[in-house]
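Asks:
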Amino acid sequence: MALRVELGPGEKVYIGRTLVTNGKLRASLYLEGREPILKQKDIIEPDEADTVCKRIYVAITAGYLSENAALHDHECFELVKQVAAAAPSLRTMLAEVSKHVLAGEHYTALKLCKHLIEHEAALIGAVMGEEPSSRSRH
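The sequence shown begins at 113 in our numbering and counts up by one.
#1: If the criterion is Cβ atoms closer than 8 Å, does the pair Val170 and Val195 meet it?
#2: Exposed or buried, which one is Thr204 when buried takes at least 16 other CB atoms within 10 Å?
#3: On the criterion of 16 or more Cβ atoms from any shown chain inside 10 Å, does Ser210 qualify as buried, or is it exposed?
#4: Apart from the five residues just before and just after Asp185, which ones in its own chain have a Cβ nearer than 6 Å to its Cβ?
#5: Check for me: the alpha helix (DSSP H) holding Ile236 runs from which residue to which?
#6: Judging by CA-CA distance, which residue of Ser201, Gly216 and Glu208 is the nearest neighbour of Glu232?
#7: Could you check the C-alpha separation between Cys225 and Val117 for me, to the nearest Å?
#8: DSSP on Arg249, reduced to helix/strand/coil?
#9: Given a threshold of 16 other Cβ atoms within 10 Å of its Cβ, counted over all protein chains shown, does Ala161 qualify as buried or as exposed?
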């Protein structure tokens with residue numbers, strides 16, 4: 113069964129290592145195969161990764177879209193160690209993310225990492241004395 117991907121005008125999607133940009137009209141793509149697929153809204157660019165958890169997300173994304181995930185997985189695990197040392201309250205989430213990366217389930221790890229980024233933002237906000245609603249989400 114084909115996967116249906118809806119794209120708005122100008123929206124981008126990675127299919128494997130290929131970036132596809134939609135034209136001026138809405139489009140539906142029907143994809144069959146095993147290539148990784150990642151929509152623009154699910155991508156954090158490396159220059160936007162202003163926290164360690166966002167850098168973990170970028171490393172997982174690179175592994176997901178790469179033909180050789182192991183090259184990027186090492187960077188991910190080094191960053192996970194940094195976060196675990198600095199924020200022990202995130203260790204359970206970090207372990208779940210790491211488990212999925214080790215299993216080659218990078219897309220699942222990305223979904224979990226989004227929650228990790230939210231928790232990281234809450235911790236940073238608490239340290240900075242901000243209200244939860246004043247923090248921006250990605």
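Cβ atoms here follow ideal geometry from the backbone N, Cα and C, with glycine treated the same way.
Note that this is a predicted model, so its numbers are computed, not measured.
Replies: With the structure as the only source:
#1: no
#2: exposed
#3: buried
#4: Gly175 and Val213
#5: His218 to Met240
#6: Ser201
#7: 22 Å
#8: Interpretation of Arg249 is limited by its pLDDT of 49, a score under 50 that renders its predicted location unreliable; the figure taken from the coordinates is listed afterwards. Three-state result, Arg249: coil.
#9: buried
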